[in-house]
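Numbering-wise, the numbering used here puts 22 at position 22 of the sequence shown, and it's gapless, one number per residue. Just so you know, even glycine gets a beta-carbon here, dropped at the ideal spot from N, CA and C.
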Amino acid sequence: MAKKKFNYTQTLKEIEENLSLIERNELPIEEILKLSRATASMIKECKGELKSLQEEIDKIVEEIESNG
Numbered sequence: 001m002a003k004k005k006f007n008y009t010q011t012l013k014e015i016e017e018n019l020s021l022i023e024r025n026e027l028p029i030e031e032i033l034k035l036s037r038a039t040a041s042m043i044k045e046c047k048g049e050l051k052s053l054q055e056e057i058d059k060i061v062e063e064i065e066s067n068g
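As structure tokens, this is what we get:
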């Protein structure tokens, strides 16, 4: 099975939904733990994507400034 392409906007939406479920405090502790782990993993993935995009932007700016 192929890995699903990362979608920052969709992942952020899932994080918000998970946090909302956790904050309601209506789930069993095992489910809260499971959601917390999944959410932490998604946050890490988003941070990695943002870092990668920032590096690309920095390269573009550097190219513009050196050709300016």
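Give a yes or no on whether the C-beta atoms belonging to residue i and residue j are separated by under 8 angstroms.
i, j, result
"F6", "E49", "yes"
"T9", "C46", "no"
Express the C-alpha separation of residue j and residue i in angstroms, rounding to a whole number.
i, j, result
"K34", "S41", "11 angstroms"
"S36", "E65", "43 angstroms"
"N25", "E17", "13 angstroms"
"K4", "A38", "16 angstroms"
"S52", "E23", "31 angstroms"
Throw me the rounded Cβ distance for the residue i and residue j pair, which I believe falls under 8 angstroms.
i, j, result
"I32", "I15", "Actually they do not touch by this definition, with Cβ atoms about 15 angstroms apart."
"L21", "L27", "6 angstroms"
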